[in-house]
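Data block below; observations after.
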Amino acid sequence: MDDRDAARAVRLGGGTAVPLWHAGQSLHGVDAVVLPGGFSYGVYLRAGAIARFAPVMETVVKEAGAAASSSPLPVLGICNGFPILTEAQLLPGSMIKNDHLKFLCKDQVLRVENNQTVWTSQFTDNELITVPMKNQDGHYVVSAEELERIEAESRVVFRYVGANPNGSRHGIAGVTNERGNVVGLMPHPEHAVEAGYGPDDAIGMREGTDGLTIFTSVVSSLAGDTT
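With the numbering used here, you'll find the sequence shown wraps up at 233, consecutive numbering, no jumps.
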């Protein structure tokens with residue numbers, strides 16, 4: 007169902023959701039791609055290891071990683087979509103089992119540490135947001151050298167606030183590539199886009215809609231709104 011929630015988040019953010027089939031190579035003219043959460047086929051081997059070879063991913067990798075393009079394809083990988091991006095080498099690092107080896111489901115506070123990507127442009131710097139998370143392969147690992155590099159280049163986009171829920175290096179919840187068009191995020195912003203169905207917040211129970219800003223950010227960026 008995460009794919010349907012992601013499609014709804016796109017619509018609430020002002021975009022038009024276009025379903026893509028994993029076995030086809032066409033992106034049908036979309037301006038951005040969301041790889042939704044939920045377990046993909048072959049995840050029992052390693053999260054994202056087989057889905058990375060889906061025909062549609064060949065096109066996503068080509069369009070998102072186009073070095074010569076002035077406007078490479080924006081791509082967001084949520085939960086299991088995150089390791090698909092690391093397996094495709096669009097993002098550094100990898101995902102392994104949570105350090106406590108248990109499935110985790112909770113509302114999670116995140117700090118927005120990079121609001122210069124197409125997916126985070128409408129957040130304020132160091133803004134705290136709350137979105138649900140649910141995973142068992144959410145432990146982000148990366149070599150010491152690469153970790154030092156992404157920290158130095160401000161490529162950590164989201165970081166866990168409070169106790170580290172899954173053992174991720176430096177409490178990293180989301181990262182971006184060098185150009186800021188590809189973002190991977192372990193928690194689920196698409197589950198925090200509509201009042202009455204999101205996390206609890208200061209307004210009331212289930213009223214949190216912090217995740218919607220991710221989707222309005224990319225729509226705004228694609229429309230050329232720099233305000």
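Beta carbons: idealized from backbone N, C-alpha and C, even for Gly.
Distance CB(residue i)-CB(residue j) smaller than 8 Å
i: P80; j: A15; result: no
i: P193; j: P138; result: yes
i: R117; j: E93; result: no
i: R161; j: N120; result: yes
i: L33; j: E69; result: yes
i: I214; j: A198; result: In the sequence under discussion, the amino acid at residue 214 is Gly, which differs from the Ile named in the question. Yes, Cβ-Cβ distance for G214 and A198 is below 8 Å.
i: A179; j: F164; result: yes
i: V115; j: G71; result: no
i: A29; j: A74; result: no
i: P42; j: D113; result: no
Residue i - containing beta strand (DSSP E), residue span
i: S100; result: 100-102
i: R165; result: 162-166
i: T182; result: 178-182
i: I56; result: Careful: I56 lies outside any beta strand (DSSP E) and carries neither H nor E.
Chain-order list of residues whose beta-carbon lies under 7 Å from that of residue i (same chain, five-residue window excluded)
i: V225; result: G19, G20, G21
i: A23; result: A13, V16, R17
i: N183; result: L96, L97
i: T130; result: N121
i: F88; result: M101, G190, L191, M192
i: A53; result: N86, P89, M101, D143
i: R185; result: P78
i: Y203; result: R212
i: I135; result: L116, V118, D216
Which residues DSSP lists as bridging residue i, in chain order
i: V137; result: Q114
i: G202; result: According to DSSP, which records beta bridges pairwise, G202 is partnered with nothing at all.
i: L41; result: G83
i: L107; result: Answer is none; L107 lacks a bridge partner.
i: H145; result: I102
i: L153; result: L153 pairs with nothing; no bridge assigned.
i: V225; result: Looking at the DSSP assignment, V225 forms no beta bridge with any residue, so it has no partner.
i: V188; result: V81
Close beta carbons around residue i, own chain, < 8 Å, minus the five adjacent residues each side
i: G173; result: N104, D105, H106, H145
i: W27; result: V62
i: G44; result: M7, D8, D9, C85, N86
i: N132; result: R117, V118, E119
Run of the alpha helix (DSSP H) containing residue i, from where it starts to where it stops
i: I90; result: 87-93
i: I84; result: Counting along the chain, I84 falls outside any alpha helix (DSSP H), though it belongs to the beta strand (DSSP E) covering 81-84.
i: L97; result: Taken as a continuous stretch (DSSP letters only), L97 belongs to no alpha helix (DSSP H), as it is neither H nor E.
i: V16; result: 8-18
i: A74; result: Taken as a continuous stretch (DSSP letters only), A74 belongs to no alpha helix (DSSP H), as it is neither H nor E.
Residues near residue i by beta carbon distance below 6 Å, same chain, minus five either side
i: V40; result: A12, L82
i: N170; result: G177
i: E228; result: Sequence inspection shows Leu at residue 228; the Glu mentioned does not correspond to that position. Around L228: D37.
i: P195; result: V137, G217, I220
i: Y166; result: G177, A179
i: C111; result: K140
i: F109; result: Q142
Heavy atom of the ligand NAP within 7 Å of residue i beta-carbon
i: M101; result: Only the bare structure without any ligand can be found here, which leaves the ligand NAP out of the picture.
Proximity test, Cβ basis, 8 Å: residue i and chain C
i: K108; result: Absent from the structure is chain C; it holds one protein chain and no more.
- request: Check whether the region 202-222 touches the region 155-167, counting contact only when three or more Cβ pairs, one atom from each stretch, lie closer than 8 Å.
  value: no
- prompt: Touch check for the region 116-131 and the region 182-193: three-plus C-beta pairs under 8 Å?
  reply: yes
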